[in-house]
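Chains as they are written, first to last, in my numbering: chain A, 1 to 418; chain B, 419 to 582.
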């Protein structure tokens, strides 16, 4: 019987047959934590009396959630992470280096065929490179850092086949929102998702990262794209260790196959307060916007800033709108600067804030006022998510967010890209 | 082990931002301090209505969203003995068991807000008066972790994962 990517990676890392439903203990290649999850894990490691970590090269901590620190108490938690890293127990990316899900792939900490766990639900992002990557809490993170292993239930896999290409002005974010609206917010709970088809192969790695980032919004444990030439080219120069890509067997068993026609998808928006409540942008033009946010682990990469700059070039953000832009990492920020993207954004009236999760989770850098409408490129629009339960959050692609910031209301970005 | 308490009913898709918002958990890993903010955005004053040993009873996909372990820790710190739901989001489910919070899956339509319920952990049965509802059994590794009082105590004892 053939196996899915999830089964093959778990089989290789556990020495079992990785039958669906089986509980396996698997060796992990990467344990990631950030300032929202690592401090508690460090405390658990202390309580456990851990003398060290399983492999300092495979433990990476990132200070990205609440940074630069907004207050003394957060600073104390950051200091805990620095102290831990100072003991040579892990790699630490400190304030301003970037959002974990940008930094980890960018710096080659995760590679095709590998198994990663992270103290963050959007750890699933790394599946874009053909890895099995899943979110865990702080206890599991401590256990993984301590033992180098974790238990997993081998998930059934849903195959999502995307035929055809996305139309001009339609992006990976729109595809992700379309798939989530089809599968629903818990339609893939405990499942892995494999993405396949021309619509996936034609996406660049940035787009695949966006897509895999959002699989947890369907409850999925992991979402994966089998590696291809684009993946291997993207990885080359970043990988500091050998890796072995994994591909699904031709006769692998899938629990369900979801077929999508990419060409029929138009620019989409998730409306408050659910990610699976999705409507075409063109049907929401009566919704005024007060704040527009470009960035996050979903859409803060160079390609995202570039398309926003294309929309905003020669235009100005609407006087009633604050456009807040967060490059996802220091290299993204630098490249955007060198390419002139940052200047275009500044000239249009945007505010640039340092790489962090800040506004996406309502921690800092742009908390909306009561009654305001926000359009954001992030991945969640739950009530209160951005720090104010009386604000409304709409989710869309960088192009739609940029175009809406100019129009002052939700708008289809396509006329702005012509 | 039998636990008894009042059911506090919630709907589907109760996400971890509703359970404890990031703007609250940002500042501390002391969850007793955060207990007063439990469910503040969707059910203001909820912690005041909880008596120690009560249960949260919910619909599908309880705990979806973020991986924050603060979610089950704050529920526990507020005095809740366990969460009974039609289904859980997987990270919350693991985290709950890892911190020693009971998390059982069953059809919760038969339980109403304010019902007095009891939970027999060894048989996985939830009772309301004469009515008995069977919960989905936990995998052995999760039951072992829950019985140990959480993952920390499990690892203190065994130093490694044992699934056989």
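Cβ atoms here follow ideal geometry from the backbone N, Cα and C, with glycine treated the same way.
With contacts defined by Cβ atoms closer than 7 Å, residue 156 of chain A and residue 299 of chain A do not form a contacting pair. The beta carbon of residue 216 of chain A sits closer than 7 Å to the beta carbons of 121, 122, 124, 135 from its chain, once the five residues preceding and following it are set aside; these are given in chain order.
Contact annotation, residue 7 of chain A with residue 154 of chain A: C-beta distance approximately 6 Å; criterion of less than 8 Å satisfied. Selection B:568, B:467, B:451, B:455 evaluated against residue 520 of chain B yields B:568 as nearest (Cα-Cα). Residue 67 of chain A and residue 36 of chain A have their C-alpha atoms some 11 Å from each other.
Counting C-beta atoms within 10 angstroms of its own C-beta, residue 240 of chain A has fewer than 16 neighbours from the protein chains shown and is therefore classed as exposed.
In the DSSP assignment, residue 511 of chain B falls within the alpha helix (DSSP H) that extends over 508 to 516. No Cβ-Cβ contact shorter than 7 Å links residue 268 of chain A with residue 150 of chain A. Residue contact check for residue 448 of chain B against chain A: no CB pair falls below 7 Å. Residues of the region 144 to 159 of chain A with a C-beta atom less than 8 Å from some C-beta of chain B are 146, 147, 149, 150, 151, 153, listed in chain order.
Within chain B, the residues whose beta carbon sits less than 7 Å from that of residue 66 of chain A are 444, listed in sequence order. Excluding the 5 residues flanking it on each side, residue 16 of chain A has same chain C-beta neighbours closer than 7 Å at 22, 24, in chain order. Listed along the chain, the chain B residues whose CB falls inside 8 Å of the CB of residue 120 of chain A are 484, 485. Beta-carbon to beta-carbon, residue 496 of chain B and residue 456 of chain B are separated by about 5 Å, close enough to satisfy the 8 Å threshold. A straight line joining the alpha-carbon of residue 78 of chain A with that of residue 139 of chain A spans about 18 Å. Assignment of residue 80 of chain A by DSSP, reduced to helix, strand and coil, places it in the helix class. Going by DSSP, residue 291 of chain A is part of the beta strand (DSSP E) stretching over 291 to 294. In chain order, 29, 30, 31 place their CB closer than 7 Å to the CB of residue 58 of chain A, counting only its own chain and leaving out the 5 sequence neighbours on each side.
The three-state reading of DSSP puts residue 132 of chain A in strand, counting E and B together. Note on geometry: alpha-carbon atoms of residue 158 of chain A and residue 51 of chain A lie some 41 Å from one another.
In the DSSP annotation of this structure, residue 234 of chain A is not part of any beta strand (DSSP E); the continuous alpha helix (DSSP H) holding it starts and ends at 229 to 235. Ranked by how close their Cα comes to the Cα of residue 545 of chain B, the residues B:535, B:427, B:577, B:485 have B:535 in first place. Residues of chain B with a Cβ closer than 8 Å to the Cβ of residue 190 of chain A are, in chain order, 508.
Residues of the region 470 to 504 of chain B with a C-beta less than 7 Å from any C-beta of chain A: 478, 479, 482, 483, 484, 485, 486, 487, listed in chain order. Contact annotation: the region 296 to 310 of chain A touches the region 100 to 120 of chain A, with at least three C-beta pairs closer than 8 Å. Contact of residue 465 of chain B with chain A is not assigned, every C-beta pair being separated by 7 Å or more.
Segment contact: the region 277 to 294 of chain A against the region 191 to 204 of chain A, fewer than three CB-CB distances shorter than 8 Å; contact not assigned. Look at residue 428 of chain B: its C-beta is not under 7 Å from any C-beta on chain A. Exposure of residue 337 of chain A is indicated by the presence of fewer than 16 other C-beta atoms within 10 angstroms of its C-beta.
A contact is defined here as three or more CB-CB pairs under 8 Å, and the region 478 to 488 of chain B meets this definition with respect to the region 424 to 435 of chain B. Legend: CB atoms of the region 553 to 564 of chain B lying less than 7 Å from CB atoms of chain A belong to residues 557, 559. Interface residue (Cβ-Cβ distance to chain B less than 7 Å): residue 206 of chain A is not classified as such. In this structure, residue 64 of chain A lies near residue 356 of chain A, with their beta-carbon atoms less than 7 Å apart.
At a Cβ-Cβ threshold of 7 Å, residue 378 of chain A and residue 341 of chain A do not count as neighbours.
If you look at residue 376 of chain A, you'll find it isn't in any alpha helix (DSSP H); it sits in the beta strand (DSSP E) that goes 373 to 376. Around the Cβ of residue 450 of chain B, a 10 Å sphere holds fewer than 16 other Cβ atoms; the residue is exposed.
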